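Residue numbers (numbering that gives the first Met the number 0): 0 to 390.
Worksheet: the structure to be examined is printed underneath.
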Amino acid sequence: MAYGLRARERAPFEWDGVTLALVSALFLVGLIMVTSASMSIAARQYGDPFFFLERQFVYGVLGIMFAWVVTRVPTALWDRYGLFLLLCGLTLLLLVLIPGIGAMVNGARRWLRIGPANFQVSELARVFVVNWVCSYSVRKREELEQTFGGIIKPVSLIGVASILLLLEPDYGATTVLFATGIAVLFVAGARLRYVLLLLLGAVLVFGLLAFNSAYRMKRLTVFLHPWNDPFNSGFQLTQSLIAFGRGGWFGVGLGSSVQKLFYLPEAHTDFVFAVLAEELGLVGVIGVIGLFVALVLRALQISRMAAKAGLRFQSYIALAFGVWIGLQAIVNMGVNMGALPTKGLTLPLISYGRSSLLVTLAWIGVLLRIYHEVKVSSRSAVMRPALGARR
């Protein structure tokens, strides 16, 4: 192990060209669509049509810098300090709920004000929680595989984080966190019947929460019949569906969307995918979906490579990234297309969202680091027998 760690630090960095190409393509599409979707509202509110583009670009550059820094950090440190990072994540989720510390925007208390900017703490906290779950899955593998208590412990922790997220409220982040954590535990060896039992329990809990609140129930069911109230509760979804309908096969042309002209709320954030569908049509939609599918498959491939190299923690982290980015993309696209209830989740790397962009790019840095360690470990495994033979 010591030999492998020294080798990883001495070796030239192994960049994964496939991941870099896919992320670059999604980020470039995001810059184009954020610009197109936000020019009208930016010009009206700030007098600068490129207001949101400039900030998205700046935070993209910062995210790339963070990603580069993360690629220099051995993943063993994420494992070693998993508990500390978990406590940091839970602390952030608690702090944001305190009036005067957490900033409230659109009725939700999800942000901490850092200087002139707001940071959505759930983005970073979810990564820290999932990191601990991956570390636990390695340290307690036998207990996880053999006993119900082995899965109850991490799920209880995920439950605590989920409760804090629901208090903000942030239902979309809660769903993605819970599903990602369960996926990691199942792949790590948790028995199927235990996983199904916990999923059933989670569905019942979420169901009770929905039925006990008329507001939550309305938000969860309005997507089924948005045209019943197209100028109130169903307004966002009906405008989004109109955008999809106008797009047709090849779209109305880049920059030619009508729905983004003050009809579609949050056109450059949660509903940027609808603007993309209107301007680029079905062809553009399929292209973006293809990029996300390719990125998820690449993360799962890196996870499998890490598992074969004996790097279990790294394997689980890569798996978690693939599940997380895939689920968040599915939820955002599903909301835009009226297939899922409205949730405040951005489309990773594409929607305007500074916190989301920073954290996503930093997590991609972790994925690139895992690829590097896998490659160097595989090379070291080949070289060690050769060195032994020479001696």
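Yeah, the Cβ is synthetic: ideal placement off N, Cα and C, and Gly gets one too.
Computed from a predicted model, the values in this text were never measured in an experiment.
For ALA201, same chain residues with a beta-carbon under 7 Å away, outside a window of 5 residues either side, are PHE177 in chain order. Counting the other CB atoms within 10 Å of its CB gives ALA116 a total below 16, which places it among the exposed residues. Taking a contact to require three or more Cβ pairs closer than 8 Å, the segment 75-91 and the segment 317-326 do not qualify as touching.
THR74 is a Cβ neighbour of GLN313, given a cutoff of 8 Å.
Along the segment 93-176, the alpha helix (DSSP H) occurs as fully enclosed runs of 4 or more residues at 120-138, 140-145 and 147-166, listed in sequence order.
In the three-state scheme derived from DSSP, where H, G and I count as helix and E and B as strand, LYS307 is classed as helix.
In the structure shown, ASP15 falls within a coil segment according to DSSP collapsed to helix, strand and coil.
Put simply, the backbone Cα of PHE147 is about 11 Å away from that of VAL154. Taking all protein chains shown into account, PHE26 has 16 or more neighbouring C-beta atoms within 10 Å of its C-beta and is therefore buried.
HIS267 sits close to VAL33, with the two beta carbons spaced by under 8 Å. By the CB criterion at 8 Å, SER37 and TYR315 fall outside the cutoff. Within the same chain, Cβ atoms closer than 8 Å to the Cβ of ARG303 are found at SER314, the five residues on either side in sequence being excluded. Rounded to the nearest angstrom, the gap between the Cα atoms of LEU296 and LEU82 is 29 Å. Distance check between LEU166 and each of MET64, GLU265, VAL95 and ASP47 places VAL95 closest, using alpha-carbon atoms only.
Counting C-beta atoms within 10 angstroms of its own C-beta, GLU122 has 16 or more neighbours from the protein chains shown and is therefore classed as buried.
Around the C-beta of ALA361, 16 or more other C-beta atoms lie within 10 Å, and the residue is accordingly described as buried.
For the pair GLY343 and GLY171, the CB atoms are nearer than the 8 Å cut-off. Judged by DSSP in its simplified three-state form, HIS267 adopts coil rather than helix or strand. Taking 8 Å as the cut-off, the Cβ atoms of ALA107 and PRO11 do not count as close. Judged by beta-carbon spacing, PHE272 lies beyond the 8 Å limit of LEU339, meaning their Cβ atoms are not closer than that value.
In the three-state reduction of the DSSP assignment, MET336 falls in the coil class, being assigned neither a helical nor a strand state. Counting C-beta pairs with one atom in each stretch, the segment 361-370 and the segment 14-21 have three or more that are closer than 8 Å, which means they touch. Remark: C-beta atoms of VAL68 and SER136 do not approach each other more closely than 8 Å. In the structure shown, GLN258 falls within a coil segment according to DSSP collapsed to helix, strand and coil. Excluding five sequence positions before and after ILE241, the CB atoms of its chain that fall closer than 7 Å to its own CB belong to GLN258, given in chain order. Cβ-Cβ distances below 7 Å link THR179 to VAL129, ALA319, VAL322, TRP323 and LEU326 in the same chain, with the five nearest sequence neighbours on each side left out; the list follows chain order.
Taking a contact as a CB-CB distance under 8 Å, the pair GLY29 and LEU366 does not count as one, their CB atoms being some 18 Å apart. Counting only the Cα atoms, GLY233 lies some 7 Å from ASN227.
If you ignore the 5 residues before and after LEU299, its C-beta comes within less than 6 Å of the C-beta of GLY321, all in its own chain and listed in chain order. Burial check for ALA42: the Cβ neighbour count within 10 Å stays below 16, so the residue is exposed. Relative to the Cα of PHE65, the nearest Cα in the group GLY99, ARG378, ARG311 and THR359 belongs to THR359.
Per DSSP, reduced to three states, the secondary structure at LEU91 is helical. Membership of TRP77 in the alpha helix (DSSP H) is indicated by the continuous run 74-79.
Taking 8 Å as the cut-off, the Cβ atoms of ARG245 and TYR58 do not count as close. Residue burial is scored here from C-beta neighbours: ASP269 has at least 16 other C-beta atoms within 10 angstroms and is therefore classed as buried. Restricting attention to GLU277, GLU265 and MET332, the CA atom closest to the CA of GLY252 is found in GLU277.
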